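Asks: Structure below; questions to follow.
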Amino acid sequence: MKSNAENITLKTSNLEIGYQDKNGIKSIAEKIDLEVHKSELIAVIGVNGIGKSTLLRTISGIQQALSGTVEIEGKTLNALNDLQRASQISLVLTNQPISKNLSVFELIALGRQPYTNWLGKLSKIDTEKIENAIKLTSIESLKDRKCYELSDGQLQRVLIARAIAQDTPIIILDEPTTHLDMYHKAYVVKLLKKLAKQTNKTIIFASHEINLAIQICDKIILMHPEKTQIDTPKNLISSGAFQDLFPKDLIHFDEISGAFRIKNED
Amino acid sequence: MQHTGKYVSILLILGLFLVALILLNISLGSVNIPVKDIFSSIFNTEVSKETYRYIVLDYRLPKAFTAIIAGSGLAISGLLMQTMFRNPLAGPYVLGLSSGASLGVAIVIMGATLIGGSFVALALSKWTLVIASSLGSLMVLFAVVLGSVRLRDTMAILIVGLMFASLTGAVVSILSYFSPAAQLQQYIFWSFGSLGDLSWAEVGILAIFWFLGISLAIFCIKNLNSLLLGEEYARSLGVNISQNRMLIIIATCLLAGSITAFCGPIAFIGLAVPHLIRQIFPINNHLILLPAVILGGAILMLICDIVAQFPGMEFTLPINAITSLIGAPVVIWLLIRKQKFLF
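Chains as they are written, first to last, in the working numbering: chain A, 75 to 340; chain Y, 788 to 1130.
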């Protein structure tokens, strides 16, 4: 993986994230400098409430940054209009009020909305991209099913296929592994890894599955109260960055196995 | 989206059914008119009785047009609200339009007695009621639009609309309490709804509002499809949520506001027709859903009107009661038969 400038898909400089309303500014994290590249799978790790979702919302343009900049393929995120942004970043979200009456094909086809005409008619290219997304996520057998017939794991794959059909250099997923059993958690993360390599896309996801992320991801964005850093899992382990991720009373990080362990003494 | 051909043929069947119902609707009533004479009246040829021509052209034809406009317009408002709020219980009333209209009319009819004199005679005129109802709706629309600019959360608009409904309902109750029986009765008659009192000029005005509202809805088709995934996804697909929200609210107000102004409050159609259509053929693409709901709304309203002026009866039943009386069992029956609720 070359880290030359051309391969940078997303870059943040001195980014400060948080909320702003009448009562003032509530900063959640600041001085975030990240550089991510093509075909990298990146997990965002941190304790509850540290601002993982806020970070993802900010870099996907849903939420305004308090200060600093986000650049997508060299262009400032704020300079993009709604439609331009839709062709740069696609999302996979949880707990959305999706119409379960949609068929799998219809749902994936909605990923083509930024490219279709004003009535949303699918062109031949659109259909090809949809079929390709279905093939990449191996959900050919589900194509004609309705969403209410799917299990959580199947629906997650369909939502990922929709993001692929949107054909953007960056895919952002907010906790794609919640509600899934251990097998499907691993399945989804492996699938994301495969997709990043095959499609050259940058895939960023927030997760609580630290052990899984350490084993599979190319890089990890680790969010601490003091600082947010990005590095390979290996470097983060050797620098001891995982040690003070959680309060030390219950769990500790075992550097030899690269996993968190529950303390069993006394 | 793969079965477009099948859906188009279902739409054609619905269209044919609508044409048949229009003829039936014009033909049936306190006096039954043969279909042959309906055509003769319209194309100005020999009719078997000269009164038929008068009944068809001046009464039943405008009423049938009103029924089609009101039924389809309310059904489309319901569809827009259900998709926008991602809530199966939404209908045109959630924006508080009909309650706003009720308040306007209640103030004119029942408030007029408090002022007394020549104002009472004025209050009886139909246009006064139309204007009062429009002003009432407009007032609520204005409040809702103001609210929607300030509120980022779409659900909050729904709550605001429902609060307005309660608020205006309370004011109407207080007005009713102090009103003499005659005025109270006149208000209640207005609240029964009516399709039959419109002149051709009034049908024309209603049609213009209908056309504007439907055009806006057609313009929103693609964004409505994106909203099937929820607002966050729609935004990520390039939909300008607040602009789209404003367009949908305006379309609903044009449709439901004008219909309520001319026909009085008509319940149920807006809520039920989109569900009926979804149960009959499970589609989600608004490109097909929109014409299907237009046809479905018109069909249900014509059926209700036929029942309301039941053949051979001297009087017409209140349309606002008939719509629920006929529609509710149909929805319940469909839900039980299909064993699942599609939304």
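Don't be surprised by glycine CBs; every beta carbon is placed ideally from N, CA and C. Just so it is clear, the structure is predicted and the values come from calculations on it, not from any experiment.
Are the Cβ atoms of residue 182 of chain A and residue 208 of chain A separated by less than 8 Å?
Replies: Translated into positions along the first sequence, residue 182 of chain A becomes position 108. Translated into positions along the first sequence, residue 208 of chain A becomes position 134. Against a cut-off of 8 Å, the Cβ pair of residue 208 of chain A and residue 182 of chain A comes out as a contact.
Asks: Determine the burial state of residue 322 of chain A: buried for a count of at least 16 other Cβ atoms within 10 Å of its Cβ, exposed for fewer.
Replies: As a first step, residue 322 of chain A is located in the first sequence; it is residue number 248 there, counting from the start. Classification of residue 322 of chain A: exposed, given that the 10 Å Cβ count is below 16.
Asks: Report the option in Y:1079, Y:1111, Y:850, Y:858 whose CA atom is closest to the CA atom of residue 793 of chain Y.
Replies: Numbered from 1 along the second sequence, position 6 holds the residue referred to as residue 793 of chain Y. For the residues Y:1079, Y:1111, Y:850, Y:858, the minimum Cα distance to residue 793 of chain Y belongs to Y:1079.
Asks: Are the C-beta of residue 1019 of chain Y and some C-beta of chain A separated by less than 8 Å?
Replies: Looking up residue 1019 of chain Y in the second sequence gives position 232. It does; some Cβ of chain A falls within 8 Å.
Asks: Can you confirm whether residue 849 of chain Y, when its beta carbon is compared against all beta carbons of chain A, has any partner nearer than 8 Å?
Replies: Start at 1 with the first residue of the second sequence, and residue 849 of chain Y comes out as number 62. Not closer than 8 Å to any Cβ of chain A, the Cβ of residue 849 of chain Y fails to qualify, so no.
Asks: Closer than 8 Å by beta-carbon distance: list the chain Y residues that pair up with residue 122 of chain A, in chain order.
Replies: Counted from its first residue, the first sequence places residue 122 of chain A at position 48. Here the premise fails: no neighbours, minimum Cβ distance about 20 Å.
Asks: Given a cut-off of 8 Å on the beta-carbon distance, is the pair residue 1132 of chain Y and residue 983 of chain Y in contact?
Replies: Chain Y is shown from 788 up to 1130; residue 1132 of chain Y falls before or after that span and cannot be answered.
Asks: Quick check on the burial criterion: 16 or more other C-beta atoms within 10 angstroms. Buried or exposed for residue 1013 of chain Y?
Replies: Here residue 1013 of chain Y refers to the residue found at position 226 of the second sequence. It is buried - the Cβ of residue 1013 of chain Y has at least 16 other Cβ atoms within 10 Å.
Asks: Please name the residue, chosen from Y:833, Y:884, Y:933, that lies closest to residue 920 of chain Y on a Cα-to-Cα basis.
Replies: Here residue 920 of chain Y refers to the residue found at position 133 of the second sequence. Cα-wise, what sits closest to residue 920 of chain Y is Y:884.
Asks: Interface residues of chain A around residue 1074 of chain Y at Cβ under 9 Å?
Replies: Indexing the second sequence from 1 puts residue 1074 of chain Y at position 287. Here the neighbours are 193, 194, 195.
Asks: For the 8 Å Cβ check, are there 3 or more pairs between the stretch 1043-1058 of chain Y and the stretch 985-1003 of chain Y?
Replies: yes
Asks: Mind checking which residues open and close the alpha helix (DSSP H) that includes residue 942 of chain Y?
Replies: Walking along the second sequence from the start, residue 942 of chain Y turns up at place 155. Element bounds for residue 942 of chain Y: 941-965.
Asks: For residue 241 of chain A, return the contacting residues in chain Y, with the cut-off set at a CB-CB distance below 9 Å.
Replies: Within the first sequence, the letter at position 167 stands for residue 241 of chain A. Chain Y residues near residue 241 of chain A: none, gap ~12 Å exceeds 9 Å.
Asks: Closest Cβ-Cβ distance between residue 864 of chain Y and chain A: below 8 Å?
Replies: Residue 864 of chain Y sits at position 77 when you count from the first residue of the second sequence. Interface annotation, residue 864 of chain Y: not in contact with chain A, CB-CB separation never under 8 Å.
Asks: Go ahead and label residue 993 of chain Y buried or exposed: buried means 16 or more other beta carbons lie within 10 angstroms of its beta carbon, across all protein chains shown.
Replies: Start at 1 with the first residue of the second sequence, and residue 993 of chain Y comes out as number 206. With 16 or more Cβ atoms within 10 Å of its Cβ, residue 993 of chain Y is classed as buried.
Asks: Using CA coordinates, which residue listed in A:190, A:213, A:319, A:338 is at the minimum distance from residue 123 of chain A?
Replies: Position 49 of the first sequence, counted from the start, is the residue given in the question as residue 123 of chain A. The option with the nearest alpha carbon to residue 123 of chain A is A:319.
Asks: Counting only the same chain and skipping the five closest in sequence on each side, list residues whose C-beta sits under 7 Å from that of residue 107 of chain A.
Replies: As a first step, residue 107 of chain A must be located in the first sequence, where it is residue number 33. So the qualifying residues of the chain are 86, 87, 88.
Asks: Helix, strand or coil for residue 847 of chain Y? Go by DSSP, reduced to three states.
Replies: As a working note, residue 847 of chain Y is residue 60 in the second sequence. Helix, per DSSP.
Asks: With DSSP as the reference, identify every bridge partner of residue 145 of chain A, one or two as the case may be.
Replies: Working through the first sequence from its first residue, we reach residue 145 of chain A at position 71. According to DSSP, residue 145 of chain A bridges with A:85, A:150.
Asks: Would you please verify whether the beta carbon of residue 170 of chain A is less than 8 Å from any beta carbon of chain Y?
Replies: The residue given as residue 170 of chain A occupies position 96 in the first sequence. Yes, its Cβ sits closer than 8 Å to a Cβ of chain Y.
Asks: Considering residue 1088 of chain Y, what are the terminal residues of the alpha helix (DSSP H) in which it resides?
Replies: One-based indexing of the second sequence puts residue 1088 of chain Y at position 301. Counting along the chain, the unbroken alpha helix (DSSP H) around residue 1088 of chain Y starts and ends at 1073-1095.
Asks: Return no unless some Cβ of chain A is closer than 8 Å to the Cβ of residue 1065 of chain Y.
Replies: The count along the second sequence starts at 1 and reaches residue 1065 of chain Y at position 278. Residue 1065 of chain Y counts as touching chain A.
Asks: Quick one: Cα of residue 945 of chain Y to Cα of residue 105 of chain A, how far?
Replies: As a working mapping, residue 945 of chain Y is identified with position 158 in the second sequence. As a working mapping, residue 105 of chain A is identified with position 31 in the first sequence. Near 39 Å, if we compare the C-alpha coordinates of residue 105 of chain A and residue 945 of chain Y.
Asks: When DSSP labels each residue in this structure, what does residue 297 of chain A get in the three-state scheme?
Replies: Stepping through the first sequence from its first residue, residue 297 of chain A is reached at position 223. Reduced to three states, the DSSP call for residue 297 of chain A is strand.
Asks: Give me the chain Y residues within the contact set of residue 160 of chain A, using Cβ-Cβ distance strictly less than 7 Å, ordered along the chain.
Replies: Along the first sequence, read from residue 1 onward, the residue named residue 160 of chain A stands at position 86. What residue 160 of chain A touches in chain Y: 1023, 1024, 1025.
Asks: Determine the contact status of residue 839 of chain Y and residue 828 of chain Y, defining contact as a CB-CB distance below 8 Å.
Replies: By 1-based counting over the second sequence, the position of residue 839 of chain Y is 52. By 1-based counting over the second sequence, the position of residue 828 of chain Y is 41. A contact, by the Cβ cut-off of 8 Å.
Asks: Beta-carbon of residue 1012 of chain Y versus every beta-carbon of chain A: anything under 8 Å?
Replies: Sequence index remark: in the second sequence, residue 1012 of chain Y carries index 225 (1-based). So, interface residue.
Asks: Could you tell me which of Y:849, Y:954, Y:831 sits nearest to residue 886 of chain Y, measuring between CA atoms?
Replies: Numbered from 1 along the second sequence, position 99 holds the residue referred to as residue 886 of chain Y. Nearest option by C-alpha distance: Y:954.
Asks: Using the three-state DSSP reduction, which class does residue 117 of chain A fall into: helix, strand or coil?
Replies: As a working note, residue 117 of chain A is residue 43 in the first sequence. Note: residue 117 of chain A maps to strand in three-state DSSP.
Asks: Note the first and the last residue of the continuous alpha helix (DSSP H) segment covering residue 262 of chain A.
Replies: Position 188 of the first sequence, counted from the start, is the residue given in the question as residue 262 of chain A. Run containing residue 262 of chain A: 256-273, per the alpha helix (DSSP H) assignment.
Asks: Who are the Cβ neighbours of residue 1035 of chain Y in its own chain at under 7 Å, not counting the five residues just before and after it?
Replies: Within the second sequence, numbered from 1, the residue matching residue 1035 of chain Y stands at position 248. Contacts found: 867, 871, 1007.
Asks: Can you tell me whether residue 76 of chain A is buried or exposed, with buried defined as 16 or more other CB within 10 angstroms of its CB?
Replies: Reading the first sequence from its first residue, position 2 is the one you call residue 76 of chain A. Any reading at residue 76 of chain A must be qualified, since the residue scores a pLDDT of 48, below 50, and its modelled position is unreliable; no value is offered.
Asks: Determine the DSSP secondary structure at residue 1104 of chain Y, reduced to helix, strand or coil.
Replies: The residue labelled residue 1104 of chain Y in the question sits at position 317 within the second sequence. Looking at residue 1104 of chain Y - three-state DSSP - the assignment turns out to be coil, as it is neither helix nor strand.
Asks: Write down every uninterrupted run of the beta strand (DSSP E) in the stretch 794-832 of chain Y whose length is 3 residues or greater and which is fully enclosed by it, in chain order.
Replies: none
Asks: What did DSSP end up calling residue 1025 of chain Y once you bin it into helix, strand or coil?
Replies: Working through the second sequence from its first residue, we reach residue 1025 of chain Y at position 238. In this structure, residue 1025 of chain Y counts as coil in the three-state DSSP scheme.
Asks: How would you list, in chain order, the residues of chain Y whose beta-carbon sits under 8 Å from the beta-carbon of residue 188 of chain A?
Replies: Indexing the first sequence from 1 puts residue 188 of chain A at position 114. The answer, in chain order, is 1024, 1025.
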